[in-house]
Amino acid sequence: MSPLQPLDEGLLEEVVRHGVELSKGSWEIGTLFQARLEYDHPGLTPFGNEKNLIPPRSLLDLPALVLHVAKDTLNARPTSDDFPAGKGQVLCRDDAAGDPASLGIACLLFALAEEGDVASGGSERLVVRDVSMLQAVRLEAEFLEKDACRTEDGAISHRLKHLSLWADFVYMVPPFLAFLGLMSDDQDQQTSYFQAAYDQCRLYRQYLRRGDGLWKHIIMGPDKIDPWPWATSNGWAAAGMLRVHATLQKADQEMRSRFRSQLTDLGIWALEIIKAAAEHVDSQGMVREYIDEPDFEGESCGTALLAYAAYRLAYLGISHEFVPFAERARKAVHRNISPQGLLEKVCDIVDERKWRERSAEGQAFVIMLEAAARDYVESLSSRNGIRTPE
């Protein structure tokens with residue numbers, strides 16, 4: 026199968042523009058940030074071609090995207106007085122414990138560049154309500170490690186005020202923890218963060234995975250329960266685990282060797298989701314809103330995110346088996362992008378069994394999908410782009 030042509034650049038710009046306009050929640054802003062970073066600045070992500078991920082050490086060298094998201098996050102960051110539920114530690118006011126972490130990588134990239142400027146005498150730290158960017162990142166990590174509610178065996182709740190496990194969490198928190206580890210100069214701290222990222226993936230899989238390899242969407246808690254395989258949540262889980270996998274692969278040889286079995290696990294766990302989802306596509310190549318329920322229609326958001334994960338599986342050298350699934354799904358997603366750049370056939374994020382006209386996360390998934398497809402195609406002509414597990 027010849028690779029599908031990329032979206033027209035003008036149309037993709039409209040996809041981005043609508044994504045910016047629609048993104049209001051922390052996870053929407055964080056996911057759009059990650060999507061744009063992977064598309065426009067892949068070297069600042071674990072999917073870049075470089076052997077190591079070395080972030081800029083000056084704010085002058087950071088993309089405007091990083092500067093804007095990080096500054097907006099710090100400027101709006103709550104204090105313990107106005108948001109006691111977050112103990113003055115979380116990056117933003119939110120009902121979720123997991124979603125604010127999606128903003129953490131932007132803030133960490135800013136903080137590292139800022140520290141470089143401070144060390145060279147180039148600037149002073151940005152401080153908002155007595156908290157610097159680096160302190161804000163550390164407090165967010167501390168909240169997740171010590172204060173967020175969790176199961177007895179350590180699975181951190183996705184919700185803030187009660188224990189509830191959502192597959193979505195795997196895209197928000199473990200990649201942030203892994204990135205913290207990768208950016209640390211302390212080997213013990215790096216090991217600790219890497220293991221924490223892996224453990225959260227392992228625990229969430231333990232709780233949410235069904236016998237067929239698909240994941241339940243939401244379990245536990247007094248409110249929303251959705252113990253069925255919602256397509257987008259399975260995409261969140263697979264994509265999140267692959268981001269952790271790619272981040273661990275950017276560590277040095279000694280650390281990669283130490284985490285050899287964890288790398289293998291993460292690849293297998295993401296693969297089993299894609300394998301199970303690919304068995305339930307409709308006649309158009311779309312994944313159904315609830316994957317194994319034949320009465321449901323194909324849905325664009327979940328289809329795009331699962332296709333993204335399938336491309337990343339191939340790019341990382343884990344499995345090329347599902348590239349045809351990804352290509353067919355991507356073609357279906359392209360058909361569902363309006364001339365105005367809006368992804369159509371998208372489900373409601375509050376009531377997943379209903380439809381809505383537009384989706385902020387859906388816009389981000391289109392960008393992610395295009396980045397992953399491009400990287401995969403480029404890796405075919407230069408195998409430098411493929412990270413083969415050791």
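Residue 26 is where the sequence shown starts when you use the numbering used here, and the numbers rise one by one after that.
Note that the Cβ used here is the ideal one computed from N, Cα and C, for glycine as well.
These numbers come from a predicted model, not from an experiment.
Sequence ranges, alpha helix (DSSP H) only - wholly within the segment 196-278, length at least 4: 199-208, 212-233, 256-274
If I measure Cβ to Cβ from aspartate 65 and keep anything under 8 Å in the same chain, skipping five residues before and after, which residues do I get? Pro88, Leu90
Run through the DSSP bridge pairs and tell me what arginine 175 is partnered with. Ile181
Does the beta-carbon distance from methionine 197 to tryptophan 294 come in below 8 Å? no
Does serine 145 come out as helix, strand or coil in the three-state DSSP assignment? coil
So is threonine 413 buried or exposed if we call it buried at 16+ other beta carbons inside 10 Å? Annotation note: pLDDT 43 at threonine 413 (below 50); position unreliable, coordinate value reported separately. Exposed, by the Cβ-count rule.
With DSSP collapsed to three states, give me the class of serine 325. helix
Reference methionine 208, options Gly113, Glu140, Ile392, Asn100, closest by Cα: Glu140
Helix, strand or coil at arginine 313 according to DSSP, with G and I counted as helix: strand
Whole angstroms are fine: how far does the CA of aspartate 107 sit from the CA of histidine 359? 44 Å
Return helix, strand or coil for alanine 121, following the three-state DSSP convention. strand
Counting only runs that start and end within the segment 51-119, where is the alpha helix (DSSP H) found for 4 or more residues in a row? 51-65, 89-101
Assumed close pair histidine 270, glycine 238 - CB separation to whole angstroms, cut-off 8 Å: Between glycine 238 and histidine 270 the Cβ distance is about 17 Å, and since that is not below 8 Å, they are no contact.
Whole angstroms are fine: how far does the CA of serine 105 sit from the CA of glutamate 177? 26 Å
Report all residues from its chain with a CB closer than 7 Å to the CB of threonine 257; omit the five preceding and five following residues, and keep chain order. Cys326, Gly327, Leu330
Residues that arginine 381 bridges to, as DSSP identifies them: Val371
Using DSSP bridges, identify the partner residues of leucine 190. Ile244
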